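Peer 1:
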Amino acid sequence: MSAELEKRAIEAVELAKIAGAEDVWATTTQSRDVEFEYRDGALEKVKDTTARGLAVQIYADGRYSSHETTDLNPERLRGFVREAVAITRALEPDEHRRITPEELFRDRPTDELDLIDGSVAELDRDQRIAWCRTLDEVSHGHERVISATAGVYDGMLTSTSASSNGFLGTQESTYCWLGSSVTLRDRGDKRAEDGFYAGGSHIADLPTAASIGKTALERALSRLDSGKGPTVRTTMLVDSRAASSLLDRLLGPANARSVQQGRSFWAALMGAPAFSDRLTIIDDPLIRRGLASRHYDAEGISAKALPIVDKGVAQNIYVDTYYGRKGGMAPTTGSPSNRRVAPGDHSLVELLAEAGTGVYVTSWLGGNADDTTGDFSLGLRGHMIENGKISRPVGEMNVTGNLRDLFMRLELVGNDPYPYATTLAPSLVFTDVDFSGV
Amino acid sequence: MTIKRREFLGHVAAGSAVLSVPGFLAGCGVQQATAVAVKPPANPFMDWFGVDQTTVARVMSELAANGGDAADLYFQHSRSNSLALEDGIVANANSGIQQGVGLRVVIGEQTGYAFTEDLTLPSMLAAARTAAAIASGNRVAVPQAFDPKDMGKLYATSVPWAEVGIDRKLPVMKFVEEKAKSLDPAVDKVSVYWADGDERVMIATLDGKLVTDHRPMTRLTVLVTVKKGDEVQSGYSNIAAREEFGWYTEERLTTMVKEAVDRTLILFDARRPPAGEMPVILASGASGILLHEAIGHGMEADFNRKGTSIYTDMIGKKVAEPFVTIVDQATIPRERGALNYDDEGVEAGRTVLVENGILQSYLHDGISAGQYHVRPTGSGRRQSYRYAPMPRMSCTFMEDGPHTKDEIIAAVDRGIIAETYTNGQVQIGAGDYTFYVKNGWLVEKGKVTAPIKDVNIIGNGPESLKRITMVANDARLDTGGWTCGKNGQRVPVSQGIPTVLVSSMTVGGENVG
Numbered sequence: 168m169s170a171e172l173e174k175r176a177i178e179a180v181e182l183a184k185i186a187g188a189e190d191v192w193a194t195t196t197q198s199r200d201v202e203f204e205y206r207d208g209a210l211e212k213v214k215d216t217t218a219r220g221l222a223v224q225i226y227a228d229g230r231y232s233s234h235e236t237t238d239l240n241p242e243r244l245r246g247f248v249r250e251a252v253a254i255t256r257a258l259e260p261d262e263h264r265r266i267t268p269e270e271l272f273r274d275r276p277t278d279e280l281d282l283i284d285g286s287v288a289e290l291d292r293d294q295r296i297a298w299c300r301t302l303d304e305v306s307h308g309h310e311r312v313i314s315a316t317a318g319v320y321d322g323m324l325t326s327t328s329a330s331s332n333g334f335l336g337t338q339e340s341t342y343c344w345l346g347s348s349v350t351l352r353d354r355g356d357k358r359a360e361d362g363f364y365a366g367g368s369h370i371a372d373l374p375t376a377a378s379i380g381k382t383a384l385e386r387a388l389s390r391l392d393s394g395k396g397p398t399v400r401t402t403m404l405v406d407s408r409a410a411s412s413l414l415d416r417l418l419g420p421a422n423a424r425s426v427q428q429g430r431s432f433w434a435a436l437m438g439a440p441a442f443s444d445r446l447t448i449i450d451d452p453l454i455r456r457g458l459a460s461r462h463y464d465a466e467g468i469s470a471k472a473l474p475i476v477d478k479g480v481a482q483n484i485y486v487d488t489y490y491g492r493k494g495g496m497a498p499t500t501g502s503p504s505n506r507r508v509a510p511g512d513h514s515l516v517e518l519l520a521e522a523g524t525g526v527y528v529t530s531w532l533g534g535n536a537d538d539t540t541g542d543f544s545l546g547l548r549g550h551m552i553e554n555g556k557i558s559r560p561v562g563e564m565n566v567t568g569n570l571r572d573l574f575m576r577l578e579l580v581g582n583d584p585y586p587y588a589t590t591l592a593p594s595l596v597f598t599d600v601d602f603s604g605v
Numbered sequence: 077m078t079i080k081r082r083e084f085l086g087h088v089a090a091g092s093a094v095l096s097v098p099g100f101l102a103g104c105g106v107q108q109a110t111a112v113a114v115k116p117p118a119n120p121f122m123d124w125f126g127v128d129q130t131t132v133a134r135v136m137s138e139l140a141a142n143g144g145d146a147a148d149l150y151f152q153h154s155r156s157n158s159l160a161l162e163d164g165i166v167a168n169a170n171s172g173i174q175q176g177v178g179l180r181v182v183i184g185e186q187t188g189y190a191f192t193e194d195l196t197l198p199s200m201l202a203a204a205r206t207a208a209a210i211a212s213g214n215r216v217a218v219p220q221a222f223d224p225k226d227m228g229k230l231y232a233t234s235v236p237w238a239e240v241g242i243d244r245k246l247p248v249m250k251f252v253e254e255k256a257k258s259l260d261p262a263v264d265k266v267s268v269y270w271a272d273g274d275e276r277v278m279i280a281t282l283d284g285k286l287v288t289d290h291r292p293m294t295r296l297t298v299l300v301t302v303k304k305g306d307e308v309q310s311g312y313s314n315i316a317a318r319e320e321f322g323w324y325t326e327e328r329l330t331t332m333v334k335e336a337v338d339r340t341l342i343l344f345d346a347r348r349p350p351a352g353e354m355p356v357i358l359a360s361g362a363s364g365i366l367l368h369e370a371i372g373h374g375m376e377a378d379f380n381r382k383g384t385s386i387y388t389d390m391i392g393k394k395v396a397e398p399f400v401t402i403v404d405q406a407t408i409p410r411e412r413g414a415l416n417y418d419d420e421g422v423e424a425g426r427t428v429l430v431e432n433g434i435l436q437s438y439l440h441d442g443i444s445a446g447q448y449h450v451r452p453t454g455s456g457r458r459q460s461y462r463y464a465p466m467p468r469m470s471c472t473f474m475e476d477g478p479h480t481k482d483e484i485i486a487a488v489d490r491g492i493i494a495e496t497y498t499n500g501q502v503q504i505g506a507g508d509y510t511f512y513v514k515n516g517w518l519v520e521k522g523k524v525t526a527p528i529k530d531v532n533i534i535g536n537g538p539e540s541l542k543r544i545t546m547v548a549n550d551a552r553l554d555t556g557g558w559t560c561g562k563n564g565q566r567v568p569v570s571q572g573i574p575t576v577l578v579s580s581m582t583v584g585g586e587n588v589g
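Going line by line, the protein sequences match chains A and B. Position 241 of the first sequence, counted from 1, bears residue number 408 in the working numbering, the numbering being contiguous throughout. Position 274 of the second sequence, counted from 1, bears residue number 350 in the working numbering, the numbering being contiguous throughout.
1. Hey, how far is the Cα of GLY546/A from the Cα of SER504/A?
2. I'd like to know if GLN197/A contacts chain B, where contact means its C-beta is closer than 8 Å to some C-beta of that chain.
3. Which residues in chain B have a C-beta closer than 9 Å to the C-beta of HIS234/A? List them in chain order.
4. Contact criterion: CB-CB distance below 8 Å. Does LEU101/B meet it with respect to chain A?
5. Note down the Cα distance separating GLN571/B from PHE334/A, rounded to an integer number of angstroms.
6. Along the segment 486–502 of chain A, where does the CB come closer than 8 Å to a CB of chain B? Name the residues.
7. Compare the C-beta of ARG249/A against all C-beta atoms of chain B and say whether one is closer than 8 Å.
8. Hey, quick one: how far does the alpha helix (DSSP H) through THR582/B stretch, first residue to last?
9. Within its chain, find whatever has a CB closer than 7 Å to the CB of TYR490/A; leave out the 5 residues flanking it on each side and keep chain order.
10. Is LYS303/B helix, strand or coil by DSSP?
11. Determine, for SER544/A, whether the minimum Cβ-Cβ distance to residues of chain B falls below 8 Å.
12. Terminal residues of the continuous alpha helix (DSSP H) containing ASN142/B?
13. Sorted by chain position, which residues of the same chain lie with C-beta nearer than 8 Å to SER199/B's C-beta, five sequence neighbours on each side aside?
14. Are the segment 288–302 of chain B and the segment 257–269 of chain B touching, with three or more C-beta to C-beta distances below 8 Å?
15. Between which two residues does the alpha helix (DSSP H) containing GLU69/B stretch?
16. Per the contact definition of three or more C-beta pairs closer than 8 Å, is the segment 475–484 of chain B in contact with the segment 494–505 of chain B?
17. State the start and end residues of the unbroken beta strand (DSSP E) segment that holds GLU211/A.
18. If you draw a straight line from the alpha carbon of VAL486/A to that of GLY429/A, how long is it in whole angstroms?
19. Mind pulling the chain A residues with CB within less than 7 Å of GLU420/B?
20. Would you mind sorting GLU327/B into buried or exposed? The rule is 16 or more other CB atoms within 10 Å of its CB.
21. Output yes or no for whether 8 Å exceeds the beta carbon distance between LEU518/A and GLY581/A.
22. Should MET437/A be flagged as near chain B, meaning a C-beta pair shorter than 8 Å?
23. Using a Cβ-Cβ cutoff of 9 Å, what residues of the segment 384–417 of chain B are near chain A? List them in chain order.
24. Could you list the residues in the segment 249–275 of chain B with a C-beta less than 9 Å from some C-beta on chain A, going in chain order?
25. Residues of chain B with CB under 7 Å from VAL605/A, in chain order?
26. Quick check on HIS373/B: does DSSP put it in helix, strand or coil?
27. Heavy atom of the ligand NAP less than 7 Å from the Cβ of ALA140/B, yes or no?
28. Alpha carbon to alpha carbon, how far is ASP441/B from ALA89/B? Give it in angstroms, no decimals.
29. Using 8 Å as the limit for Cβ to Cβ distance, is THR626/B near chain A?
30. Whole angstroms is fine: what's the gap from ILE408/B's alpha carbon to THR398/A's?
31. Is the Cβ-Cβ distance between ALA297/A and SER348/A less than 8 Å?
32. If you draw a straight line from the C-alpha of GLU420/B to the C-alpha of PRO465/B, how long is it?
33. Using a beta-carbon distance cut-off of less than 7 Å, what residues from the segment 305–320 of chain A approach chain B?
34. Pick from ASP274/B, SER455/B, GLY143/B and VAL488/B: whose alpha carbon is nearest that of CYS471/B?
35. Quick check on ALA506/B - is its C-beta less than 8 Å from some C-beta in chain A?
36. Can you look up PHE151/B in the DSSP assignment and give me helix, strand or coil?
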């Protein structure tokens, strides 16, 4: 398949050159995605699809634009590329916009990333249904269960890029995710609900369907009889799964575009102690079997580990070639890969004991943050912490503050990084956090 | 219907509503064998997709070969264009074409789905066989002859977006930039983002419907960054509709720019309110986000047929005061959430969710309508041919009530007014929902006293409905470009509301005691 994608990408580069482009970056993709969903003892949905696409970035007369299509009919494709060049010429020139320079993609790493599991392509209907049945059965293991939906999602993605200045590369990966969502009867008309999904590039790395279903049910059960906690300033323990998305929020504006456009609180933090010295984050694209591992990024820039925060000092942000040039920053990579958060040496039980009293957050509900100032306010679900132990479940509460201030008050880091997200975060403990509830 | 579209009310919100929770006509079983007639009337959409009724009928037969209560082919061609103005120049454009056909067969609550982007007969037949594999093969469903429906007229355009050149859009973007800079010398950076698109869909159903729809859409967003000394604040505004180029009048653009600049300037003076439970006044317009999150999603029938919504057993019950009426209506001309037909080929309409305080009807797609033995409400929507449809909202709003805005403010001793929003989310089962307030006001002793910013509000759907104690007579739809996400699918929606008082909600904030 990759040979065909390669041919298509190279042809697109040639087509654009013929149409008058000086430089071209073309990417072709193909993906197979299979989805089996099973609810309350019966198969509910089977989706089996193959998608494809072509994207071209055109550089002509000092101008730039990008274009995508799923219509690969050769004749219409010629028209599409001609139009892409015409659109480019109708724009204003931009001296900062240039094709990725060769030196940024010349030395591409060759580390074995091991992102393809041959057994994914061999999965059949019976195996998927067998997993679904197990998930379904285990997820229903309590009398309060109203409904549980189990899912198996697997597939493969291949992407090939070619450029007019000599880039040629293909990246391929498989994936397989299993999980279920469980709804339980709670007080009155209320339903308690939660779920759990685990996945990766290799089937062999996954927990069993039974243990995934069990975790989903346990998570839902822990939500039963949830009430509102107090309006209070106290310690916050964020579990590893919720910590992963909290860190994504912190790192959201850590990029050249936001900084150059004047909309990032990271602009003022670089090179200085910005957060608690317990915080270290490395963007690592070369983790074997990592969920976001890669040899090169969307611009073709060769992958390498990038320290983002080292013991609380902001070291690097994500810098692509365009906003880097515009903002006077050397390119790093334009987009995140795997983010490793350096773990501490405390287990969750120890963190709870250290916290003593406070709020244990297991998931967020809505909320947002201002990228320019770092001010945030988030809805949460979790439990109160009393006497160093998890106590009653709480919800319908908010936590409010400023992201930078919050991470200044990061006191303890767990040893339990969450493996099923691209940000591999352990549980985190913060002091003096403002909660609103009753 | 008392919704008024007003252009000149400051601080109208915009943004994107995301619900991050990780259907066709009522099935009638085996149908009578009918010859598939090849009807001659020219259908430009058939030409567009390079198919004819014979081909479509052939694929439909393959799709229903193993049986099916319902089946449909969803042909779609989407063309989108966007432009970005940053640092004074329009130097980045993007265009996209998405074309394909989604094939679905439904048996009871079971769905088989496939799509192909290669609209040749062999490829479509292969996709049809994949989708049909869900069925057991012991039934036969015979497609009915196609009966083409008229194109709808809710958002007819004289010039499709594909024919509007960049040379006409650039001056609009420059006008927005210059206007923003002219409004205050502290405005440091202005970015303007343009988006337009034409979507052509053709839906053919097992029971013979043949529906075509041309759906235009446009959105314009302005972001401003303001610097005062060392302090930087940014804000934005946007407007969106199923409209054409002429909609962007100087007046409309000026209103949008003023909103963005005003909202940003006030952030320098705004503070966090005190944390905790307090009365919340929802300003008219964008506060329709309350309805979207607190009740709209919970009334989507897929959750209810599974028993997973907090509203599952509440139809016919009193859920709010008698002056509360909440509607989801797709037939408001040119609204972002408007639709002539839903994505299962059902004529879109008006569904009253709550009438005078009583819970009335869910939003149905074909699957749920079949299960509840009711007519579908035309609420089956999908992001594109790559997805199976499910029940979704369109334009969700509350009708006028008996109070006035001034009466509502005067009735609050200590609380806030929520005015602009960036996003919201809901948990369908527990009913807990949130929305994020970007701008608002503190209310003390019946008077508006100080600006506030950046607080999340959290509540419980049915409890909040009960706590709506006052509804004003100033209902309007928001003009912002909202997008709703559900199960990984994004669709455009609209929302609106009059000024409303909710007697107690939990407001994120500081000054915790």
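All C-beta atoms in this analysis are idealised placements derived from N, C-alpha and C, irrespective of residue type, glycine included. No experiment lies behind these values; they were computed from the predicted model shown.
Peer 2: The short version:
1. In the first sequence, counting from the first residue as 1, residue 546/A sits at position 379. In the first sequence, counting from the first residue as 1, residue 504/A sits at position 337. Rounded to the nearest whole angstrom, the C-alpha separation of GLY546/A and SER504/A is 27 Å.
2. On the first sequence, residue 197/A is found 30 positions in, with the first residue counted as 1. Proximity of GLN197/A to chain B, defined by a Cβ-Cβ separation below 8 Å, is not satisfied.
3. Position 67 of the first sequence holds residue 234/A. Residues of chain B passing the Cβ test: ALA169, ASN170, SER171, GLY172 and ILE173.
4. Your numbering for residue 101/B matches position 25 in the second sequence. A caution first: LEU101/B carries a pLDDT of 22, below 50, which makes its placement in the model too unreliable to give a value.
5. Here residue 571/B refers to the residue found at position 495 of the second sequence. Here residue 334/A refers to the residue found at position 167 of the first sequence. Taking the Cα positions, GLN571/B is about 47 Å away from PHE334/A.
6. Flagged, chain order: LYS493.
7. For the purposes of this step, residue 249/A is taken as the residue at position 82 of the first sequence. At a cut-off of 8 Å between beta-carbon atoms, ARG249/A makes no contact with chain B.
8. The residue you call residue 582/B lines up with position 506 of the second sequence. For THR582/B, no alpha helix (DSSP H) run applies; the uninterrupted beta strand (DSSP E) run containing it begins and ends at 576–583, by DSSP.
9. Along the first sequence, one-based indexing puts residue 490/A at 323. For TYR490/A, where only same-chain residues beyond five positions count, the Cβ hits under 7 Å are ALA423, ARG424 and GLN427.
10. The count along the second sequence starts at 1 and reaches residue 303/B at position 227. Strand, per DSSP.
11. Here residue 544/A corresponds to residue number 377 of the first sequence, with the count starting at 1. Interface flag for SER544/A against chain B is set, since a Cβ pair is found closer than 8 Å.
12. Your numbering for residue 142/B matches position 66 in the second sequence. Bounds of any alpha helix (DSSP H) do not take in ASN142/B, whose DSSP letter is neither H nor E.
13. The count along the second sequence starts at 1 and reaches residue 199/B at position 123. Hits under 8 Å: THR192.
14. Judged by Cβ distances under 8 Å, the segment 288–302 of chain B makes contact with the segment 257–269 of chain B, as three or more pairs qualify.
15. This structure does not reach residue 69/B, given that chain B is present from 77 up to 589, and the question cannot be answered.
16. No, because fewer than three Cβ pairs between the segment 494–505 of chain B and the segment 475–484 of chain B fall closer than 8 Å, the two stretches do not touch.
17. Counting from one through the first sequence, the residue named residue 211/A turns up at place 44. First-last of the beta strand (DSSP E) with GLU211/A: 209–227.
18. Position 319 of the first sequence, counting from 1, holds the residue named residue 486/A. Position 262 of the first sequence, counting from 1, holds the residue named residue 429/A. Roughly 15 Å between the two C-alpha positions.
19. For the purposes of this step, residue 420/B is taken as residue 344 along the second sequence, with counting starting at 1. Those within 7 Å of GLU420/B in chain A number zero; the least Cβ separation is about 16 Å.
20. Residue mapping note: residue 327/B aligns to position 251 of the second sequence, counting from 1. The residue in question, GLU327/B, is exposed, as its Cβ has fewer than 16 Cβ neighbours within 10 Å.
21. Taking the first residue of the first sequence as position 1, residue 518/A is located at position 351. Taking the first residue of the first sequence as position 1, residue 581/A is located at position 414. In this structure, GLY581/A lies closer than 8 Å to LEU518/A by Cβ.
22. Position 270 of the first sequence holds residue 437/A. Interface flag for MET437/A against chain B is unset, since no Cβ pair is found closer than 8 Å.
23. Of all residues in the segment 384–417 of chain B, THR384, SER385, ILE386, TYR387, THR388, ASP389 and MET390 have a Cβ within less than 9 Å of some Cβ in chain A.
24. Cβ contacts with chain A: ASP264, LYS265 and SER267.
25. Translated into the one-based positions of the first sequence, residue 605/A becomes position 438. Neighbours of VAL605/A in chain B, taken as residues whose beta carbon is under 7 Å from its own, are GLU353 in chain order.
26. Walking along the second sequence from the start, residue 373/B turns up at place 297. Note: HIS373/B maps to helix in three-state DSSP.
27. Ligands are entirely absent from the displayed structure, and the ligand NAP is therefore not among its contents.
28. As a position in the second sequence, residue 89/B is number 13, starting the count at 1. As a position in the second sequence, residue 441/B is number 365, starting the count at 1. A caution first: ALA89/B carries a pLDDT of 28, below 50, which makes its placement in the model too unreliable to give a value.
29. This structure gives no information on residue 626/B, because the portion of chain B shown stretches from 77 to 589.
30. Here residue 408/B refers to the residue found at position 332 of the second sequence. Here residue 398/A refers to the residue found at position 231 of the first sequence. Computed Cα separation, rounded: 42 Å.
31. One-based indexing of the first sequence puts residue 297/A at position 130. One-based indexing of the first sequence puts residue 348/A at position 181. Not closer than 8 Å, so no.
32. On the second sequence, residue 420/B is found 344 positions in, with the first residue counted as 1. On the second sequence, residue 465/B is found 389 positions in, with the first residue counted as 1. GLU420/B and PRO465/B: Cα-Cα distance of roughly 7 Å.
33. Per Cβ criterion, the list reads ILE313 and SER314.
34. Along the second sequence, one-based indexing puts residue 471/B at 395. The residue with the shortest Cα to Cα distance from CYS471/B is SER455/B.
35. Residue 506/B sits at position 430 when you count from the first residue of the second sequence. Residue contact with chain A for ALA506/B: present (Cβ-Cβ distance below 8 Å to some residue of chain A).
36. Position 75 of the second sequence holds residue 151/B. Correct three-state label for PHE151/B: strand.
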